[in-house]
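Q:
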Amino acid sequence: MVRAIVGANWGDEGKGKITDMLAKESDIIVRFQGGSNAGHTIINNYGKFALHLLPSGVFYDHTTSIIGNGVALNIPYLINEIHSIVERGVPKPHILVSDRAQILMPYHVLFDTYEEARLAGKSFGSTKSGIAPFYSDKYAKIGIQVSELFDEEGLKEKIERICEIKNVLLEHLYHKPLLDPAELLETCHQYRDMVEPYVCDVSSYLYDQIKAGKTILLEGQLGSLKDPDHGIYPMVTSSSTLAAYGAIGAGIAPYEIKDIITVVKAYSSAVGAGAFVSEIFGEEADELRRRGGDGGEFGATTGRPRRMGWFDAVATRYGCRIQGATEVAFTVLDVLGYLKEIPVCTGYEIDGNVTKDFPTTAKLEKAKPVLTTLPGWNCDIRGIKKYEELPENCRNYIEFVEKEIGVRISMVSNGPGRDDIIMR
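The structure is reproduced here in C-alpha cells:
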C-alpha cells in the first residue's frame, strides 16, 4: 500500500507532523523531490526538530527512510542531519539513498546566491540553497548522479565539461572566482566516501517491498502552488510538488499510489515572493503570525517571517484537485481560537468578475479576495480528542471548508504534538 502526503498550498501546511504520525504505521518513508531548501518541524518525545532532507519518519526504529531519485541531494547536509538527530538521543535511522539521485554541489549554492544578487529587486525569493541551479543542471544533463561518483574516468571528464560551462558565466556574468576541476574532483571523492554506506537501487528495492505488501509513505516538500507547472509560476520551486511526481521521484508505478493525503492549513501562510490573494498585513497579520504554528510562523529553513492570510478556498480547492486528494488533513485549527469572527476567502474578483477558479499568474496578480465571515469559537480546543466535543462554531468552520474544497477532511490537528489529532 502506497500513500502520498503532500501540501495543498504554498508549503508550511504542517506535513511534517502528519508524516511523523502516519510513519508509525508505515514500513518505508520516501522523500521524492526537493532538497534542503524547505523544512518540516516535528515535535515528539525526543524534542523539537526541523528536518530538511531526512524524511519525517526517521524517529521510529521500525522504519526505513529513503532519499528518492527526485531529490536534490546535498550529501554533507544529509550526513550532518543524521548526526544531529542521533546526538539528541534518536536511534540511528536506517537510511537508503537512490543511486540515481543527483548531487547538489557547492557551486549550485554559489550560483543561486550570485543570481539572486544580480536580480536584486526582481529576485524569486530563493532560500539560496542551490535548488534552481541544481535542477537546471539536471535537465541540461550536466548534473552528477550518485552512481557517477563511482566511475572515476567518467567523473573526471564530466567535471571538466561542467567547469568549462560554469567558468564562462562566473567570469563574464558574475565576475566571480572560477571553479577548479581538481578541487571539484576532490569534493566528489569526499562525497562518495560519505554516501557509499547508504547507496541502493531504490526503485528495485521498492518494487520488491510493494510486492511483499509493505506500507510505503511518499513525502513531498512545499505544496501545489509551488509546482513549476501548476503553481504561481515563476514564483515556484524547481521540482514538481505533486503526488503524481511521487511515482517518478521514488521510481514506482503510478497506479501503486492508492491514497493521497493532502495537508490543508486552517489559515494561509507563505514564504517567498508571489501572488497571495488572501494576504493580511499589519497588526492583524502580526497577531496571527505570533500565535501560529509552534512558536510562531517563521520558515523552518530560513527563519523568515511567513506572510499571513485567511483561509483561501479558491487556492485550496485547486490545490487539492491538482494533487488528486483522496482525503484532507486539516492543521493548526487551534491557532484560530482567539478570533470572534473568522474571514474566509471564497472567491476572487478579477476585473469586476467574481470567479471560484484559480487562474494563471497574470490574472492572479489582479485578484482581490471575496470574503465570507464565519463566527469564531473563541476558546482553546487543544486537548480535545473527539470531533463531537469541538465547539459547534469550530465544527461549522471545518464543515464549511470541507464543502468549499470538495474533499473529505479525515483528520483535524488541534495542537503541535504528535497526539494532538482528531480522527473523523
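Just so you know, we're using my numbering here: the sequence shown kicks off at -11 and counts up by one. Every residue, glycine too, gets a C-beta built ideally from N, C-alpha and C. Small disclaimer: the values here were computed from a predicted structure and weren't measured.
#1: Any idea what DSSP makes of residue 134, helix, strand or coil?
#2: Just to confirm my understanding: we take residue 286, look at its own chain, exclude 5 residues before and 5 after, and list those with CB closer than 7 Å. What are they?
#3: For residue 319, count neighbouring Cβ atoms within 10 angstroms of its own Cβ and tell me buried if that reaches 16, exposed if not.
#4: Answer yes or no: do residue 413 and residue 56 have a C-beta to C-beta separation smaller than 8 Å?
#5: So, helix, strand or coil for residue 323, using DSSP?
#6: Assuming residue 240 contacts residue 59 (C-beta within less than 8 Å), just tell me the rounded distance between them.
#7: What does a CB cutoff of less than 8 Å around residue 51 pick up in its chain, not counting 5 residues either side in sequence?
#8: Between residue 312 and residue 231, how many whole angstroms is the CB-CB distance? I'm expecting something under 8 Å.
#9: Assuming residue 91 contacts residue 134 under a Cβ cut-off of 8 Å, what Cβ separation, rounded to an integer in Å, is found between them?
#10: For the alpha helix (DSSP H) containing residue 362, name the first residue and the last one.
#11: For residue 95, which residues from the same chain have a beta carbon less than 7 Å from its beta carbon, with the 5 sequence-adjacent residues on both sides left out?
#12: For residue 339, count the other beta carbons within 10 Å of its own beta carbon; 16 or more makes it buried, fewer makes it exposed. Which is it?
#13: Whole-angstrom Cβ separation of residue 248 and residue -8, contact assumed at under 8 Å?
#14: Strictly by DSSP, which residues pair up with residue 29?
#15: Please classify residue 411 as buried or exposed, where buried requires at least 16 neighbouring CB atoms within 10 angstroms.
#16: Work out the CA separation of residue 221 and residue 86 for me, nearest whole Å.
#17: Give me, in chain order, the residues of the same chain whose beta-carbon lies closer than 7 Å to that of residue 214; leave out the 5 immediate sequence neighbours on both sides.
#18: Is the CB-CB distance between residue 49 and residue 32 below 8 Å?
#19: What residue range is occupied by the uninterrupted alpha helix (DSSP H) comprising residue 96?
#20: If we call anything under 8 Å between Cβ atoms a contact, is residue 423 one with residue 302?
#21: Quick one: which unbroken alpha helix (DSSP H) runs of 4-plus residues sit fully inside the region 190 to 245? Chain order, please.
#22: What residue range does the beta strand (DSSP E) around residue 124 cover?
#23: Would you kindly work out how many angstroms separate the C-alpha atoms of residue 396 and residue 172, rounded to a whole number?
#24: By alpha-carbon positions, which one of 310, 125, 323 and 209 ends up nearest to residue 218?
#25: Helix, strand or coil for residue 84 per DSSP?
#26: Suppose contacts are defined by Cβ-Cβ distances below 8 Å. Is residue 402 in contact with residue 321 by that definition?
#27: Measuring alpha carbon to alpha carbon, tell me which of 110, 147 and 93 ends up nearest residue 121.
A: From the atom records:
#1: helix
#2: 292, 293 and 294
#3: Buried.
#4: A question about residue 413 goes unanswered here, because the residues of the chain that appear run from -11 up to 412.
#5: helix
#6: Not quite, the Cβ-Cβ distance comes to about 15 Å (not below 8 Å), so this is no contact.
#7: 11, 14, 15, 16, 17, 45, 81 and 82
#8: Contact holds; Cβ gap of about 6 Å.
#9: 6 Å
#10: Per DSSP, residue 362 belongs to no alpha helix (DSSP H); it is in the beta strand (DSSP E), 356 to 363.
#11: 154 and 167
#12: exposed
#13: 5 Å
#14: As DSSP reads the structure, residue 29 sits in a beta bridge with 38.
#15: exposed
#16: Roughly 29 Å between the two C-alpha positions.
#17: -2, -1, 224, 225 and 229
#18: Contact flag unset, no.
#19: 94 to 107
#20: Since the first residue of the chain shown is -11 and the last is 412, residue 423 is not available in this structure.
#21: 190 to 199 and 231 to 238
#22: Run containing residue 124: none in the beta strand (DSSP E); it sits in the alpha helix (DSSP H), 119 to 127.
#23: Going by the C-alpha atoms only, they are around 51 Å apart.
#24: 310
#25: strand
#26: yes
#27: 93
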